[in-house]
Structures are given as structure tokens and as C-alpha cells.
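Engineer: Heads up: the sequence shown begins at 54 in the numbering used here, then just goes up one per residue. No residue lacks a Cβ here, since even glycine has one placed at the ideal position from N, Cα and C. Pasting in a structure now, in C-alpha cells, and then I'll have a few things to ask.
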Amino acid sequence: MKILVTGGGGFLGSHLVERLEADGHDVFVARRADYDLTKWDDAARLFADAKPEQVFHLAGDVGGIGANRVNPGRFWYANLMMGAHVLELSREHGLGKLVIAGTVCAYPKFAAVPFQEDDLWNGYPEETNAPYGVAKKSILVGAQSYREQYGLDSIFLLPANLYGPRDNFDLETSHVIPGLIRKMLDNSQRVTLWGDGSPTREFLYVDDCVEGLVLAAERYDGAEPVNLGTGAEISIRELAEQIAELVGFEGEIEWDTSMPNGQPRRSLDASRARELFGFEARTPLRDGLERTIAWYRQHAGATAGAQA
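Structure representation (C-alpha cells):
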């Protein structure tokens, strides 16, 4: 099958491309250097070049709390426009299947934990993530609308926070796990972390997410969004302590409580994915952290861009 992967040169995308190629598919990788999906002409040229039967839309402009605070307008605009262009071009080209990666940041700030898909609209997202999260939720509305009016088979998945080899380790834009790993390997005496360490997060190993994407593409064709996660949450403080142990960091961990914590809790109810297409995450957090740390030690200094 001819498959287009937007963001195929990025963290999640590169792992998905490897899997699809191993499964024998003809994969076209869309890279930002070649196609700026926020521009209609570039997006249209991409679809003309790729001639896809199926699309995985993974491209995004995203970062951690710091990047979200600095770039709220950019993150809202870029993610909204990329998604809208992909939807419209999928319709124009009579696409067989569109798989869209959403974000756990779309959930309301005080949603009941674990997050259930039906709660997605029961409140406003956590403020620092809201522009990105709301843009992604708008793409869900677009996907459901295009399904209703045009019959476009588009599905919308909500992965937990991802981590693994080839993650973005740039401290200006990284998410929490790669940021912690890099800080603790680069500093032997002290690291300063934002907030008080009390928020909880759920983390999904990248290969498990890829498995979920592939299973959903093969087995799911419904309009409702579906979570991809483990169902297990850990506090940022506990996570920092575990990473410190794994990397051998013996210095001081200082919590800067003048900086934001972000959303208080994040954990997903993954039962819908299990019931609808048999997805179940298999990588324990400690195992995934060990693999990620080993990769970074081998590739120290390598970073991935926030958008691919």
C-alpha cells in the first residue's frame, strides 16, 4: 500500500516509517524541509507527489511547558492549518484511510482521572497547553465533519506522553523525560526542575504507540476518538528520582516552585483501544527508560526538531 506519513522524519514518525516499511508498504515521508504543511500550495504538492492510499498525520509543532508559554500563537496556528490542509486534501484525493494523532493535552485541565474519551469536551485544557490542545481538538471536529458530509474514513487517536529513542533532547523544546535525562547526564552537582514535582503523568513507549497506530489503521473505522496509553501514572518527582537512579545522578534535585506545574494529573483510560482494536501497551516504564537512556548515551548531543 502507498502510505504517506506526515512528520515522518520526526520522533514518532521515524519509528512508524520503519514499522510500515518492514511490513512491506511503500512509504512516502513528508519532511518539513521539503513541504511546509501550514501552506496550502506545499500541502497540495505533497499529496500530488505522494499519491497516497492511506495517510498517517503525525506532523505537529509542539514542545514542553516552556515552549508552549513562548509560542502559543504559533502552536495554535501551525497545528490547526496543518490538520485542516490534510483533511481537505484527503477528501480531494479520495483517500482510503486517514489516521490522525491527537494529543492528551486536549483533555480538560480538571478532567476525572483516568481520562475517558467522552470527557474530552467537559472543560478547557490546562492553560499552558491550551492553544496546542484546542487546535488538535478542532481537527477532531473536522475529521468527524468530513466523515459525516464526505464519507472520509478518518480516525483520531489520543496517545499519552511519548518517550523513547530518537526523542527531542533539546532542552528548549523537549518534553519531560528527555529533558530530565539530558539534564542529569550533563550536570553532576545539581539540576533545577520546574514546579514542585507533584503532577502525575502517563508515559507511552514509542514502539507501543506505533503498534497502536498500525492496529487502529487496520481494525478501526469509527468516528469517536480513542486513547492510546498504559493506564499507569507516575509523579514527576518519582520519575525524576527513577531517572536519577538509572543514569547514576547523585547530585541535588532542586524544585523551582515559582515555575508552573502544568496539568495536575494525566492518565488515560485505554479500555476503548483494547476493546475496539486489541491494543495493549507492553513496555514497562523502567524498561523503556533504560532503552531511551542507552540510546542517548550513544547519540549524546543529537536532537530532533519540534516539528518534522
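In this structure, how does DSSP classify VAL364 when only helix, strand and coil are distinguished?
Structural biologist: This structure gives no information on residue 364, because the portion of the chain shown stretches from 54 to 361.
Engineer: What runs of the beta strand (DSSP E), each 3 residues or longer, lie entirely inside the stretch 227 to 283?
Structural biologist: Segments of the beta strand (DSSP E) lying fully in the stretch 227 to 283: 243 to 247, 256 to 258 and 279 to 281.
Engineer: Using the beta-carbon count (16 or more within 10 Å), is GLY282 buried or exposed?
Structural biologist: So GLY282 counts as buried.
Engineer: With a cut-off of 8 Å, do at least 3 Cβ pairs link the stretch 160 to 177 to the stretch 111 to 118?
Structural biologist: Touching, no.
Engineer: Among THR59, VAL58, LEU65 and GLY61, which has the Cα closest to the Cα of LEU215?
Structural biologist: Comparing Cα positions, the closest option is LEU65.
Engineer: Between which two residues does the alpha helix (DSSP H) carrying LYS150 extend?
Structural biologist: LYS150 -> not in any alpha helix (DSSP H); beta strand (DSSP E) instead, spanning 150 to 154.
Engineer: Looking only at DSSP bridge pairs, what is VAL157 linked to?
Structural biologist: For VAL157, which the question treats as bridged, DSSP gives no partner whatsoever.
Engineer: By alpha-carbon positions, which one of THR336, GLY248, VAL58 and ILE230 ends up nearest to THR310?
Structural biologist: Among THR336, GLY248, VAL58 and ILE230, the Cα nearest to that of THR310 belongs to GLY248.
Engineer: Among residues of its own chain, excluding the 5 on either side of PHE256, which ones have a beta-carbon nearer than 7 Å to its beta-carbon?
Structural biologist: Correct list, in chain order: ALA213, ASN214, TYR216, ILE230 and LEU338.
Engineer: For the stretch 78 to 156, list the beta strand (DSSP E) runs that are entirely contained and at least 3 residues long, ordered along the chain.
Structural biologist: You should have 79 to 83, 107 to 110 and 150 to 154.
Engineer: If you compare alpha carbons, which of VAL108, ASP76 and GLY77 is closest to ALA83?
Structural biologist: Among VAL108, ASP76 and GLY77, the Cα nearest to that of ALA83 belongs to VAL108.
Engineer: Please name the residue, chosen from ALA326, LEU329, GLU343 and ARG319, that lies closest to VAL166 on a Cα-to-Cα basis.
Structural biologist: Among ALA326, LEU329, GLU343 and ARG319, the Cα nearest to that of VAL166 is on ARG319.
Engineer: Measure the alpha-carbon distance for PRO125 versus TYR185 and round it to whole angstroms.
Structural biologist: Going by the C-alpha atoms only, they are around 7 Å apart.
Engineer: Taking only three categories from DSSP, how would you classify ASP322?
Structural biologist: Looking at ASP322 - three-state DSSP - the assignment turns out to be coil, as it is neither helix nor strand.
Engineer: Compute the Euclidean distance between the alpha carbons of LEU57 and TRP308, then round it to the nearest angstrom.
Structural biologist: Going by the C-alpha atoms only, they are around 43 Å apart.
Engineer: Are TYR258 and PHE330 closer than 8 Å when you measure CB to CB?
Structural biologist: Result no, Cβ atoms of TYR258 and PHE330 do not sit closer than 8 Å.
Engineer: Could you tell me if GLU298 is buried or exposed, where buried requires 16 or more neighbouring beta carbons within 10 angstroms of its beta carbon?
Structural biologist: Burial call: exposed.
Engineer: So, using beta-carbon positions, are THR156 and PRO313 closer together than 8 Å?
Structural biologist: No.
Engineer: Return the chain-ordered list of same chain residues with a C-beta closer than 6 Å to the C-beta of ASP220, the five sequence neighbours on each side being excluded.
Structural biologist: Same-chain partners within the cutoff: PHE64 and PRO231.
Engineer: Should VAL263 go down as buried or exposed, given a rule of 16 or more other Cβ atoms within 10 Å for buried?
Structural biologist: Per the 10 Å Cβ criterion, buried.
Engineer: What span of residues does the alpha helix (DSSP H) with LYS190 cover, start to end?
Structural biologist: That run of the alpha helix (DSSP H) goes 183 to 203.
Engineer: For PRO218, tell me which candidate among GLN197, ASP260 and ASP89 has the shortest Cα-Cα distance.
Structural biologist: Comparing Cα positions, the closest option is ASP260.
Engineer: Would you mind stating whether HIS138 and LEU90 have Cβ atoms separated by less than 8 Å?
Structural biologist: Cβ atoms of HIS138 and LEU90: closer than 8 Å.
Engineer: So what does DSSP say about VAL300, is it helix, strand or coil?
Structural biologist: Residue state, collapsed to three classes: helix.
Engineer: Assuming the contact rule is C-beta atoms closer than 8 Å, ALA101 and PHE81 should be a hit. Round their C-beta distance to whole Å, please.
Structural biologist: The Cβ separation is near 11 Å, so there is no contact.
Engineer: Pop quiz: ILE289 and MET237 are said to be a contact at Cβ under 8 Å. What is the actual Cβ separation, rounded to whole angstroms?
Structural biologist: Rounded, the Cβ-Cβ distance is 14 Å, inconsistent with contact.
Engineer: Using only the alpha-carbon positions, how far apart do SER143 and SER324 sit?
Structural biologist: About 29 Å.
Engineer: Between which two residues does the beta strand (DSSP E) containing LEU173 stretch?
Structural biologist: Per DSSP, LEU173 belongs to no beta strand (DSSP E) and is neither H nor E.
Engineer: Which of helix, strand or coil does DSSP assign to LEU69?
Structural biologist: In the structure shown, LEU69 sits in a helix (DSSP, three-state: H, G or I).
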